[in-house]
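Colleague: Sequence order for the protein chains is Y and V. 248 is the number of the first residue of the first sequence in the numbering used here; add one for each residue after it. 22 is the number of the first residue of the second sequence in the numbering used here; add one for each residue after it. By construction, the Cβ of each residue, glycine as well, lies at the ideal position given by its N, Cα and C atoms.
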Amino acid sequence: MTATADAPAAADGAARRPPRREVIYRHTVLVRLTHWLNVLAIVVMLGSGLNIFNAHPHLYWGQKGSELDRPFLSIDAVEAASGPRGVTTVAGAKFDTTGFLGVAVDKGQTLQKAWPSWMTIPSYQDLANARHWHFLFAWVLAVNGAAYLIWGVVSRHLKRDIWPTGRDLASLPQSILDHIRLRHPTGEAAKRYNILQRLAYLGVIILISLMVLTGLTMSPGFDAFAPWLLDLFGGRQSARSIHFLCASGIVAFVTVHLIEVVLAGPINEVMSMITGRYAVPPDHS
Amino acid sequence: MTLITRRNALITAATGSGLLLAGCTKVRFGDTLTGSAGFQRVLAQAEAWTLSSQRFLLSGGAMAREYSVADISPKFKANGTLYPSGEDYEDAVNEEFARWRLTIDGMVSHPLSLSVAEIRSLPARTQITRHDCVEGWSAIGQWTGVPLGLLLKTAGVLPQAKYAVFHCADNLEGEPEKGGMQAPGQYYESIAVVDALHPQTLIAHSMNGKPLDVGHGAPLRLRVERQLGYKQAKYVQRIQLTDRLSGLYGGKGGYWEDRGYEWYAGI
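#1: Taking all protein chains shown into account, decide if Y:Ile506 is buried (16 or more other Cβ within 10 angstroms of its Cβ) or exposed.
#2: Quick one: any contact between the region 305-317 of chain Y and the region 79-97 of chain V, if contact means 3 or more CB pairs under 8 angstroms?
#3: Cutting at 8 angstroms between CB atoms, please list the residues of its own chain near V:Glu68, excluding the five before and the five after it.
#4: Taking only the alpha-carbon atoms, compute the straight-line gap between V:Glu278 and V:Leu266 and give it to the nearest angstrom.
#5: Which residue or residues does DSSP assign as beta-bridge partners of Y:Tyr525?
#6: Which of the three DSSP states is assigned to V:Phe97 in this structure?
#7: By how many angstroms is the C-alpha of Y:Arg407 removed from the C-alpha of Y:Ala254?
#8: Could you tell me which residues DSSP puts in a beta bridge with V:His152?
#9: So, is Y:Tyr272 buried or exposed, given that buried needs 16 or more other C-beta atoms within 10 angstroms?
#10: Compile a chain-ordered list of the residues in the region 138-158 of chain V whose CB is closer than 8 angstroms to at least one CB of chain Y.
#11: Could you tell me which chain V residues have their CB closer than 9 angstroms to the CB of Y:Pro331, listed as they occur along the chain?
#12: Find out if the Cβ-Cβ distance for the pair V:Pro220, V:Gly281 is shorter than 8 angstroms.
#13: Kindly indicate which residue of Y:Pro513, Y:Ile514 and Y:Leu284 has the alpha-carbon position closest to the one of Y:Ala394.
#14: What are the start and end residues of the alpha helix (DSSP H) that includes V:Met228?
#15: In whole angstroms, what is the alpha-carbon distance linking Y:Leu287 and V:Asn229?
#16: Whole angstroms are fine: how far does the CA of Y:Asp478 sit from the CA of V:Val245?
#17: Tell me the DSSP secondary structure of Y:Pro331 in three-state form.
#18: Can you list, in chain order, the residues of its chain with a C-beta nearer than 8 angstroms to that of Y:Asp373? Leave out the 5 residues immediately preceding and following it.
#19: Give me the Cα-Cα distance between Y:Val270 and Y:Phe384, rounded to the nearest whole angstrom.
#20: For Y:Pro528 and chain V, any beta-carbon pair shorter than 8 angstroms?
#21: Output needed in chain order: residues of the region 196-210 of chain V with a Cβ under 8 angstroms from some Cβ in chain Y.
#22: Which value, in whole angstroms, describes the spacing of the CA atoms of Y:Ile521 and Y:Val509?
#23: Flag this pair as yes or no: are the beta carbons of V:Ile149 and Y:Ser466 separated by less than 8 angstroms?
#24: Answer yes or no: does any C-beta atom of chain V fall closer than 8 angstroms to that of Y:Glu435?
#25: List the residues of chain V that Y:His490 touches, going by C-beta distances under 8 angstroms, in chain order.
#26: Which residues, in order along the region 437-452 of chain Y, keep a beta-carbon less than 7 angstroms from a beta-carbon of chain V?
#27: Nearest chain Y C-beta to V:Tyr270 closer than 8 angstroms, yes or no?
#28: Using a Cβ-Cβ cut-off of 6 angstroms (strictly less than) and excluding sequence neighbours within five positions of V:Ala113, which residues of its own chain qualify?
#29: Should Y:Gln484 go down as buried or exposed, given a rule of 16 or more other Cβ atoms within 10 Å for buried?
#30: Which whole-angstrom value describes the C-beta separation of V:Leu241 and V:Ile140, a residue pair presumed to lie in contact below a C-beta threshold of 8 angstroms?
#31: Any beta carbon from chain V within less than 8 angstroms of Y:Arg267's own beta carbon?
#32: List, in chain order, every chain Y residue whose beta-carbon is nearer than 9 angstroms to that of V:Trp70.
#33: Since Y:Asp323 sits in a beta bridge, which residues does DSSP pair it with?
#34: Within 10 angstroms of the Cβ of Y:Asp530, are there 16 or more other Cβ atoms? Answer buried if so, exposed if not.
#35: For the putative contact between Y:Met458 and Y:Ala417, defined by C-beta atoms under 8 angstroms, what is the C-beta separation to the nearest angstrom?
#36: For chain V, find out if any of its Cβ atoms is closer than 8 angstroms to the Cβ of Y:Ser313; answer yes or no.
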């Protein structure tokens, strides 16, 4: 750049144009389709799931649990002299979460509910309709996930692109350093997923699978068909708690995922998930 | 580089505000869809898929898990009606349900009318099962009662009957904390005949070794394991066999069903 900075304006324009970026076909139709269906399903599942949570904002370990037992997590509204306060209790420790959890203001009204209106589907408390949303999109999530996994195994996408190799694992410390310095792979290295991407994508595949399995464990009908699920997760109430924790894990994944998309060049990244074609960031050397 | 950074910053801001907008409109959009009759039909599709897939998976008559005495909840939360209103029920409590009758009628060849004492004298099944409330909590209790299948065999269910409808003595005021449609009404429930004949489906008269208390449905309640708590009708007075649910109360087959909940409560 500096060497050509003094070149006369009349010089050949092509020479000053940045080198043409190499474009590769990165995402197959199935990856793109399942990705966007997942976006839709997960947004609806999170929103309707929090509405369902609001019907009983307590989590327990074991087979059973009601307010009469001891929850490890509770989101309550408590009457105080100054008005209702939102109190979130985690393993006995109490936090004042007024304004967000337990008590929040919605359109000028102070509402006493665990998760605030702007996070839930529907926005108002409605267990029946939240369940309708949740169970319709549960089918979308499960069928979409199963299609992705079956295709991923058959086409070797999972083995080739997601499963970390020994060399990938060896690059973990370097990759962590690069990510901290916001340095993203370029050239050849950008054509394949790095180790942190592989671990993150593998992680979210496991989280979504656990969501489906713990969700099924909460179904009294499915329990009769597959009682081993109750043993696997340590009971229906444990499954409900794991369901919530995995959902939190998915929120964490999506947050980091979106930050990375923005840092790595949002237009190129988003377009690659729409068209499949990805412009490889050129080497700076 | 500065240009690219500025462009990135602009794109970041645009993406950020786009997401924020999506977050804000999501709520309204979800509410609008929820209120639309057309989308309600789409939502209802899930129940049909759940019902047919669970019918397939449970076609072998799989049993709900039974627990041990040690697992029984020290305090089993009573929900819904805690004490039916009205003098009739109050009188029944005072006379220890001596005149309470359970009738079985509708599409049966021999309608029955049984006293609580008669039901207590019939062969009983005892099971320790988990009660899962639609709200999310669970409690474990021991139930003793006569298998409903035994009563239905005696009554002779006609082949055209599809549902057993449970008429209850309680008028429920609604539970506003659940949100959604709320209006007081007579409690009732219905299950498919195939579930009524399941060996764990009981007309229970005892809980944890004692006669049912009022909060848990005295003198008789339904236990239909493999389904949620709102199906477990309390204060049962009449079981009607029928081939259709329309025409009864709100027409959807149960108090909560008439207020928007799924008729099939296996999930």
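Modeller: Judging by the given coordinates:
#1: For this step, residue 506 of chain Y is matched to residue 259 along the first sequence. With fewer than 16 other Cβ atoms within 10 Å, it is exposed.
#2: yes
#3: Along the second sequence, one-based indexing puts residue 68 of chain V at 47. So the qualifying residues of the chain are Glu283, Trp284 and Tyr285.
#4: The residue given as residue 278 of chain V occupies position 257 in the second sequence. The residue given as residue 266 of chain V occupies position 245 in the second sequence. In a straight line, the C-alpha of V:Glu278 is about 11 angstroms away from that of V:Leu266.
#5: Start at 1 with the first residue of the first sequence, and residue 525 of chain Y comes out as number 278. Paired residues: Y:Ile271.
#6: Within the second sequence, the letter at position 76 stands for residue 97 of chain V. It is coil, neither helix nor strand.
#7: Mapped onto the first sequence, residue 254 of chain Y falls at position 7. Mapped onto the first sequence, residue 407 of chain Y falls at position 160. Only weak support exists for where Y:Ala254 lies, its pLDDT of 41 falling under 50; the coordinates are left without a value.
#8: By one-based count along the second sequence, residue 152 of chain V stands at place 131. DSSP output for V:His152 lists V:Ala160 as bridge partner(s).
#9: Taking the first sequence and counting its residues from 1, the one referred to as residue 272 of chain Y is at position 25. It is exposed - the Cβ of Y:Tyr272 has fewer than 16 other Cβ atoms within 10 Å.
#10: Arg151, Asp153, Cys154, Val155, Glu156, Gly157 and Trp158
#11: Taking the first residue of the first sequence as 1, we reach residue 331 of chain Y at position 84. Neighbours of Y:Pro331 on chain V: none; closest Cβ ~14 angstroms, over 9 angstroms.
#12: Position 199 of the second sequence, counted from the first residue, corresponds to residue 220 of chain V. Position 260 of the second sequence, counted from the first residue, corresponds to residue 281 of chain V. No, Cβ-Cβ distance for V:Pro220 and V:Gly281 is not below 8 angstroms.
#13: The residue you call residue 394 of chain Y lines up with position 147 of the first sequence. The option with the nearest alpha carbon to Y:Ala394 is Y:Leu284.
#14: Here the question's residue 228 of chain V lines up with position 207 in the second sequence. That residue, V:Met228, is in no alpha helix (DSSP H); its beta strand (DSSP E) goes Leu223 to Met228.
#15: The sequence position of residue 287 of chain Y within the first sequence is 40, counting from 1. The sequence position of residue 229 of chain V within the second sequence is 208, counting from 1. Roughly 46 angstroms separates the two Cα atoms.
#16: Here residue 245 of chain V corresponds to residue number 224 of the second sequence, with the count starting at 1. Here residue 478 of chain Y corresponds to residue number 231 of the first sequence, with the count starting at 1. For V:Val245 and Y:Asp478, the distance between alpha carbons rounds to 22 angstroms.
#17: In the first sequence, residue 331 of chain Y corresponds to position 84, counting from 1. In the structure shown, Y:Pro331 sits in a strand (DSSP, three-state: E or B).
#18: Mapped onto the first sequence, residue 373 of chain Y falls at position 126. Cβ within range, chain order: Asn298.
#19: As a first step, residue 270 of chain Y must be located in the first sequence, where it is residue number 23. As a first step, residue 384 of chain Y must be located in the first sequence, where it is residue number 137. Cα-Cα distance, rounded: 35 angstroms.
#20: As a first step, residue 528 of chain Y is located in the first sequence; it is residue number 281 there, counting from the start. Taking Cβ atoms only, chain V never reaches closer than 8 angstroms to Y:Pro528, which makes this a no.
#21: Glu198, Lys199, Gly200, Gly201 and Met202
#22: Within the first sequence, residue 521 of chain Y is the residue found at index 274, counting from 1. Within the first sequence, residue 509 of chain Y is the residue found at index 262, counting from 1. Going by the C-alpha atoms only, they are around 16 angstroms apart.
#23: Working through the second sequence from its first residue, we reach residue 149 of chain V at position 128. Working through the first sequence from its first residue, we reach residue 466 of chain Y at position 219. No, the pair does not count as a contact, with Cβ atoms beyond the cut-off.
#24: Along the first sequence, one-based indexing puts residue 435 of chain Y at 188. Not closer than 8 angstroms to any Cβ of chain V, the Cβ of Y:Glu435 fails to qualify, so no.
#25: As a first step, residue 490 of chain Y must be located in the first sequence, where it is residue number 243. Ordered by position in chain V, no residue passes the 8 angstroms Cβ test against Y:His490, which lies about 10 angstroms from the chain.
#26: none
#27: Position 249 of the second sequence holds residue 270 of chain V. Not an interface residue.
#28: Translated into positions along the second sequence, residue 113 of chain V becomes position 92. Result list for V:Ala113: Trp121, in chain order.
#29: Numbered from 1 along the first sequence, position 237 holds the residue referred to as residue 484 of chain Y. The residue in question, Y:Gln484, is buried, as its Cβ has 16 or more Cβ neighbours within 10 Å.
#30: By one-based count along the second sequence, residue 241 of chain V stands at place 220. By one-based count along the second sequence, residue 140 of chain V stands at place 119. The Cβ separation is near 7 angstroms, so the contact holds.
#31: The residue you call residue 267 of chain Y lines up with position 20 of the first sequence. So no, Y:Arg267 is outside the interface.
#32: On the second sequence, residue 70 of chain V is found 49 positions in, with the first residue counted as 1. Within 9 angstroms Cβ-Cβ: Phe382, Leu383 and Trp386.
#33: Within the first sequence, numbered from 1, the residue matching residue 323 of chain Y stands at position 76. In the DSSP output, where bridge partners are listed per residue, Y:Asp323 has Y:Val334.
#34: On the first sequence, position 283 is the one that residue 530 of chain Y refers to. Its Cβ having fewer than 16 others within 10 Å, Y:Asp530 is exposed.
#35: Stepping through the first sequence from its first residue, residue 458 of chain Y is reached at position 211. Stepping through the first sequence from its first residue, residue 417 of chain Y is reached at position 170. Contact doesn't hold; Cβ gap of about 31 angstroms is too wide.
#36: Along the first sequence, one-based indexing puts residue 313 of chain Y at 66. Yes, contact with chain V.
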